[in-house]
Each structure stands twice: as structure tokens, then as C-alpha cells.
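Residue numbers (the numbering used here), protein chains in the order written: chain H, 29 to 440; chain V, 4 to 296.
Rendered as C-alpha cells:
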């Protein structure tokens, strides 16, 4: 009897010891292990299939994890805390500074200049894309997808309002929106995604404003910035755009509730798929002009996690994805716009009239300076606009408070 | 030898539980207490040498942060309105369902339990449609009886009530099951004795049912209060804390500060305030129950 007890206790202890060691030993890395890649968004899911070509060409196995954009930030945060992440990861171009400051990404400066990875050369890309890959004089990422915003409009409805080719300036846009909003009580002239901080920023750039790092919070005292926010407010104040949650974007566009809105390249395909009935009745146009027609230079980059043990394989993969040919293939597959200039020479992009508009818009883009505080400032700006549009604060008062808030953020 | 085994065997039995408790509860709590006195952010997370202790600064800032103060008020509203409603409704439904064990009644039991096991994201999408101010079902139904559009999720105050309604709908099931189980374990002879004494229905409820349920009620009140103080999912998926921070709860505030703004020290301080509130309220309940007896 005693013996059995001892055996049981001993085996229990052994079991525990096994569990403990099993938890601990996780760092073995052989060449057989696939290259870990985190790809974000809807196109991330397509990358899994797409990466097969790469596997065949280079004999490197890949393991693509598709992460929805909504979870991406948290997921990278966890990887930073753990000190262990994937080999290659896709990041939003406004995250470079925030995570770069925490040392999340490997410094790629020497690699982008090396002969070994010719496709990574920064001259291959649009300057507005490479601009957001550099932080503290280090190249931390390689442009992967370019994303910009243009005006989507219903040609038939805008024709009724007197602008068959879409409005070219903000004055024309407001005029058209007023005519179209007057169609009925449940019709609007414009739709604004109030969760997007790109839109107010674009408004500001279009009014000739620009963020100057040396001026800090003072930037937001610029009358041009105020003008832009007044325009944003005007759209809601005159009931041209709906403040409350309404119909889903594509649905409202298809049934004419919202004849104009601002969105990115992925929306072209979404409309084609979800609303085939309005084929030929809509088009895209570069952003309406105030002083300029500037849109946002958005998009995402590839970077290498700082603790990756397979830097060469990771760079081979990024180099492959940055190849002009791959970029065109990837455009056909996932409808994401290439960051490589040479890829735009391909007839698949060159001959598509809608893509041409995006190409035009890319020449007129701006990006916010690469700074770790941007995300906070942007979120705070959206709250400020909510105070103006819903809370009834005056633009002056709200912007003064915003300036104070930014001062606080920058001093932290 | 056998004395030694006799002495250590209880420790071996509770050992695993204690170990898990330490790894997943005690250590994280102590860690977050320590972090709440630091300025830990994303940079500090990657490199611990850049974290510095800043004393009670985080707590001082918290109580000057209008959004945190708002989140406290919101949370108290959620708890103050939501908990009594959930308890009364789930008790009421349990009493009604206890009348019979026929198929119809067990069918309804399943129906009332269904929301509790439905995925919150699916719930959020459906309720988002229902609450839509322009095109939602609720406002359409109200328009049939000439009631003006209700800004379900568009007004800071109404949005709080809308979220409470959603949470009540989702939360009733679990408590109903607990009450139902407690009701079914009340011995029949109590009611027989009451019948012999000539008690009417209300008297039976007041003097037999309620006292017999007192432990179940205590349990539900404690767990509900703790659960509702951590009100998170509903505002997280439905409103993101808006409009105008009208639906931010303390738990959502902690999440936003910690995971959206990466201010881990600040968020830890806020979570410690929430922790203290929960412990405080729970202790009060336990002492009240003791003094009851």
C-alpha cells in the first residue's frame, strides 16, 4: 500500500516536471521550420495562397498568419511584450515610429542599399511611400502596399446636380451636395466615415496646412487647419452628411442615399462585387481641391521583427514581394496598389481608367511625419471633431482644447 | 515515514491549484500594482531599463482625467440600473418557469438561455441593426404608433440605457438557471406545511420561497455586481465608448488606455482603482450578509 502511494506521488512529480519543461522549450529553430509571416487585412488571407509561388521559387516554406486590421495593433503589442514575434510582419505606415521607438523592427538600412536585394532599393518606390519607412535615420520597413483616398461619386446623380464629371473643388462639392441633399429628407449629399482620422487630415492638407515637427502643438493654431475643420463641420452642420449611423456604405451608394464618399482602392472591387447594378453609373476622381487636391499617402510596409533568426530568408521574401512583376500579380490577386513605380507601367494598371485616377492621386499625396505620438494625436482629433459635431462646441473652443491636449501628448 | 506522507499529502493535493492561482492571478495582480507606480509604455515594455517609478503620479492624474471620472459615473449607472433589473427579471422568469416541467416550459428555458451563449459579435451586429436610428427595426415599430425616432446609440444618455437593455437581455439566462435550480431544491413539505397553515400565494412566496432562496440571491448579487462593474463587451463592440464618451465604462477605459494608447502604467493604475472598488463593494456585501444572520 505504502509503495503504491510513493509511486503515485513520484509519478505526479515527474508529470509536473514534464509539463514545466514542455512549456519552457519552445525556441528550437531548424531550417525546416517555415518562415513566419503576419499579413493583415482581407488581402492577408489571400497571401497564404499567393506565397506558394515564392515557396516554389526559393525553396523556403512559409507560414502566413492573416490578422484582421482591428486586432493587428494588439497582436504586435503582445509580440513586443513577449520579445518574440514572426519573422516578417506587415504594418500600417503610421505605426513605424510608435513601434520603431520600442525597437520592434530590425534596422534594414544596410540591406536596402545592398546589391543582394535589388528590389529593396528605395529609389524603386514612390517617395511618399518610402518617406514613412524611415525613423531616426534608420530604414525600418519596405513599402508593400500603397493606399490612398479618392472621391467616389455617382455619375448619374452628379449629372442631375450639374457636375457630370464630378466636382473638382470643395466649393463645387458643397454645391452639388446641397442640391443632392435637397432631394428628400432621407437623402444626403456626402458620406463621411467619422471613424477615419485620414479624412480630417486630408482636409487640412488640401487647405494648404502641413505639420511642422519643430512647431509642435502650435501647428493646430494655424488658420488653415481651422478652415479645414470648419469644412468638416459644415458637412454635418448643413445636414449634407449624416451624423448618425446610417446605411452601410456600399448599400447607401447603390441606392443613391449617399451619392459621394471618400474611400480607398479596395472599395472599387467591393462596389463591383456588392453592387453590380450600378455598373457604369459611378466613377472615381481625385480629391476635391481647396488649395491642393492632396490625399493621404497611406498603405502598409513589410518589416522584420528584431529577434528574428532568419533575417536572410525574411529579406528574400520581402525582396520577392517588392519585385515589379510580383507586385502586378499581387495587384491582380488582391487589388492592392503597387508601391513599386515600375509596376505601374504594366498594362493591367495602365489601361484601367479607375486605377489611372488612383495613379494620378498618388502623385498628390502627403503623409504625416513619422512620429510616435501621431496615433494619439489622430485619435484625439476625432474626439475633438465629435465635440464639435455632436457636443455643440464651437470650432474655436474645441481646437483650442485640442491644442492643449496635443501639448500634453507631446510632452509625455 | 507514513507520518511524513500524511503531512505533505494535503499540500500535494492543493499544490496544483495554488500554483495555477499564483501564476495566473496573484502574480499578475502584484505585477500590475507595481506597474501602476511606473511610467511603463511601449518603449518600456520592450526595454525594462527605460521604466521609472513615478510614485502616485498615475493616480493623481487619473482623478483629474475627465474621461476616467466620466467612466466611473457611467459604470455606476450601469451597475445601479442594470443589476436590479437583471436580478428581478431573472428571478421572475425563474418563478414562472418553475410552475411546470412540461416541454413548453423547458423550451422557454432554452430560449431564455440562448442569448447568454450567443457570440457577442453576432449579437452586436444584429442589435446594431435594431438600434439604427434611421433604418432600425425599433424605430420603425415606434413610427407605426407615431413615436418619434429614438437616438438609441446616438445620444450619450440614451446609449447607456440601450447598452443596459442589451446586457440585460444577454445576461438573464445564467441567473435564471441558478434561480431555477435553487427553486427546485426547496423541499415540497415547506409548501405543504404552509398550505396547512392556510398561507396564500404571496405569503408562501414571502415566507417560504424568498428565505429559501437567500443564498442563491446572495450569490447572484455578488457575481452580478462584480460582473457589471467590469462592464466591457457591450460598449466595446457597440459604441467604442462614444458618443462623446457617454458609454465608456471603467473596464473599457482601461482597455483603451492600455492597448490603444499603450500607457500601461496609467492603465494599471486605473485597473487598480477598479479592483479596489470591486473588493470594497464585495466586502460590504459579505459583512451585510453576516450581520443579517
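Using N, Cα and C, we set each Cβ at its ideal position, and we do this for glycine too.
Could you check whether residue 423 of chain H and residue 225 of chain H sit closer than 9 Å to each other, using their CB atoms as the reference points?
no
Going by DSSP, what residue range makes up the alpha helix (DSSP H) through residue 374 of chain H?
Note, residue 374 of chain H: premise wrong, no alpha helix (DSSP H); not H, not E.
Where the region 260-273 of chain V meets chain H: residues whose CB sits under 8 Å from a CB there
262, 263, 264 and 265
9 Å Cβ cutoff, residue 255 of chain V in contact with chain C
The structure shown contains no chain C; its protein chains are H and V.
Within 9 Å of any Cβ in chain V, is that where the Cβ of residue 256 of chain H sits?
So no, residue 256 of chain H is outside the interface.
Taking 9 Å as the threshold (beta carbon to beta carbon), is residue 438 of chain H in contact with chain V?
Taking a beta-carbon distance threshold of 9 Å, residue 438 of chain H does not count as an interface residue toward chain V.
With a floor of 4 residues, list each alpha helix (DSSP H) that falls wholly inside the region 349-417 of chain H, ordered by position along the chain.
352-362, 375-378, 381-390 and 402-417
Reducing DSSP to helix, strand and coil, say where residue 123 of chain H ends up.
coil
In terms of alpha-carbon separation, which member of V:40, V:161, V:246 and V:16 lies closest to residue 62 of chain V?
V:40
Would DSSP call residue 139 of chain V helix, strand or coil?
The answer is coil: DSSP assigns residue 139 of chain V none of H, G, I, E or B.
Pull up the distance between the alpha-carbon of residue 241 of chain H and that of residue 400 of chain H, whole angstroms please.
12 Å
Tell me which residues share the same chain as residue 245 of chain V and place their Cβ nearer than 6 Å to its Cβ, disregarding the 5 neighbours each side in the sequence.
none
Kindly indicate which residue of H:149, H:185 and H:131 has the alpha-carbon position closest to the one of residue 217 of chain H.
Proximity to residue 217 of chain H across H:149, H:185 and H:131 peaks at H:185, based on C-alpha coordinates.
List the residues of chain V whose Cβ lies closer than 8 Å to the Cβ of residue 124 of chain H, in chain order.
Here the premise fails: no neighbours, minimum Cβ distance about 13 Å.
Could you pull the DSSP bridge partners for residue 84 of chain H from this structure?
Per DSSP, none; premise fails for residue 84 of chain H.
Alpha helix (DSSP H) segment containing residue 175 of chain H, residue limits:
For residue 175 of chain H, no alpha helix (DSSP H) segment is defined; the enclosing uninterrupted segment is the beta strand (DSSP E) at 170-175.
Return yes when the Cβ of residue 263 of chain H is within less than 9 Å of the Cβ of residue 202 of chain H, no when it is not.
yes
Identify the continuous alpha helix (DSSP H) that holds residue 124 of chain V and give its terminal residues.
123-134 is the extent of the alpha helix (DSSP H) around residue 124 of chain V.
How would you label residue 234 of chain H, buried or exposed, when you count the other beta carbons within 10 angstroms and need 16 or more for buried?
buried
Boundaries (first-last residue) of the alpha helix (DSSP H) holding residue 235 of chain V:
It is not in any alpha helix (DSSP H) - residue 235 of chain V carries neither H nor E in the DSSP assignment.
Suppose you measure from the CA of residue 113 of chain V to the CA of residue 184 of chain V; what does that come to, to the nearest Å?
Whole-angstrom Cα-Cα distance: 14 Å.
Since residue 176 of chain H and residue 170 of chain H are thought to touch, with beta carbons under 8 Å apart, how far apart are those beta carbons, to the nearest angstrom?
A Cβ-Cβ separation of about 18 Å leaves residue 176 of chain H out of contact with residue 170 of chain H under the 8 Å criterion.
Closest Cα partner of residue 247 of chain V within the set H:413, H:102, H:436 and H:78
H:413
Please go through the region 161-226 of chain H and give each complete beta strand (DSSP E) segment of 3 or more residues, from N-terminal end onward.
If we require 3 residues or more, the beta strand (DSSP E) runs fully inside the region 161-226 of chain H come out as 170-175 and 178-182.
Would you identify the three-state DSSP class for residue 315 of chain H, choosing helix, strand or coil?
coil
Residue interval of the alpha helix (DSSP H) (run including residue 83 of chain V)
69-100
Report yes if the C-beta distance between residue 331 of chain H and residue 116 of chain H is below 9 Å; otherwise report no.
yes
Nearest to residue 222 of chain V (by Cα), restricted to the options V:98, V:26, V:178 and V:71:
V:178
For the alpha helix (DSSP H) containing residue 326 of chain H, list its first residue and its last residue.
Careful: residue 326 of chain H lies outside any alpha helix (DSSP H), inside the beta strand (DSSP E) at 326-332.
At the level of alpha carbons, what is the spacing between residue 156 of chain H and residue 145 of chain H?
21 Å
Quick check: residue 390 of chain H and residue 289 of chain H, are their CB atoms within less than 9 Å of each other?
no
What residues from the region 255-275 of chain H come within 8 Å of chain V, judged by C-beta to C-beta, listed N to C?
From the region 255-275 of chain H, only 270, 271, 272, 273, 274 and 275 have a Cβ closer than 8 Å to chain V.
Going by other Cβ atoms of all chains shown within 10 Å of its Cβ, with 16 needed for buried, is residue 437 of chain H buried or exposed?
buried
Short of 8 Å in beta carbon distance, which residues of its chain neighbour residue 172 of chain V, apart from the five on each side in sequence? Order them along the chain.
Once the five neighbours on either side are set aside, the close Cβ partners of residue 172 of chain V are 118.
Along the region 116-146 of chain V, where does the CB come closer than 7 Å to a CB of chain H? Name the residues.
135, 136, 137 and 138
Between residue 344 of chain H and residue 101 of chain H, how many whole angstroms is the CB-CB distance? I'm expecting something under 8 Å.
At roughly 27 Å, the Cβ-Cβ gap does not stay under 8 Å, so residue 344 of chain H and residue 101 of chain H are not in contact.
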